[in-house]
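Chemist:
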């Protein structure tokens, strides 16, 4: 049984080696002819390139003139008529030039193939034909700086006002849900004695920014607003003479 397995594997290896050996023998016998064929193909490619360069030197002046006259737009028929060559040769020439210069090629069903070579003259004519853009007044950074500062300050003021309004709404809602707190006797005694506070002290007491007090101190509803912010429910009013804030006396 083992002998049969060895014979079958040997037969398979021989079947694979026979084609490989045949190829090696063929290459050994025909390598001079294959080398000669390769050299012939290389020489043919060089000859074709040389013929192309010589022929292109004759067609290049007509091509350059058409590019200049037509502002980069060209068809095989134009080159064929100008250079007196066949249409196939003209199209093959333009395909090579389009690949060389990166030109755009568009195939129109009714008009044929059109090549677009972007030149400086063509680009200038496009800019000249386009409408001029309106001139915009430019301002220096020095002139814009005050406006920028003002815009930033306005944005900060708006953010502060929004935060204060949200805080006021939350406090009003909390006070509406909870019973009002009665002021302590100590605060009542201080009010009776005529306690006065400066803007910074009142801002600290009301837990707001000092600039907020400065903005709202002249409002008619400042007393009601300050009373809603005061931890003991005390209403305050601003005295322009002393530049201080006094508790409002209850009538």
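Residue numbers (the numbering used here): 204 to 454. For every residue, glycine included, the Cβ atom is placed at its ideal position computed from N, Cα and C.
Taking the alpha helix (DSSP H) that residue 450 falls in, what are its first and last residues?
Modeler: It is not in any alpha helix (DSSP H) - residue 450 instead sits in the beta strand (DSSP E) that spans 447–450.
Chemist: Would you call the segment 286–296 and the segment 237–245 in contact, with 3 or more CB pairs under 8 Å?
Modeler: The answer is no - the segment 237–245 does not touch the segment 286–296, with fewer than three Cβ pairs under 8 Å.
Chemist: Can you check whether the CB of residue 278 is closer than 9 Å to the CB of residue 249?
Modeler: No, the Cβ-Cβ distance between residue 249 and residue 278 is not below 9 Å.
Chemist: Use the C-beta contact count for residue 233: other C-beta atoms within 10 angstroms, 16 or more gives buried, fewer gives exposed.
Modeler: When all chains shown are included, residue 233 counts as exposed.
Chemist: Could you please give the first and the last residue of the uninterrupted beta strand (DSSP E) stretch that includes residue 288?
Modeler: First-last for residue 288: undefined, no H or E at that position.
Chemist: Have a look at the DSSP bridge pairing and note the partners of residue 439.
Modeler: Looking at the DSSP assignment, residue 439 forms a beta bridge with 450.
Chemist: Hey, how far is the Cα of residue 281 from the Cα of residue 254?
Modeler: Spanning the two alpha carbons is a distance of roughly 23 Å.
Chemist: Considering just the uninterrupted stretch of the alpha helix (DSSP H) at residue 416, what are its terminal residues?
Modeler: Counting along the chain, the alpha helix (DSSP H) containing residue 416 begins and ends at 413–419.
Chemist: So is residue 442 buried or exposed if we call it buried at 16+ other beta carbons inside 10 Å?
Modeler: Residue 442 comes out exposed.
Chemist: Does the distance from the C-beta atom of residue 415 to that of residue 448 stay below 9 Å?
Modeler: Against a cut-off of 9 Å, the Cβ pair of residue 448 and residue 415 comes out as no contact.
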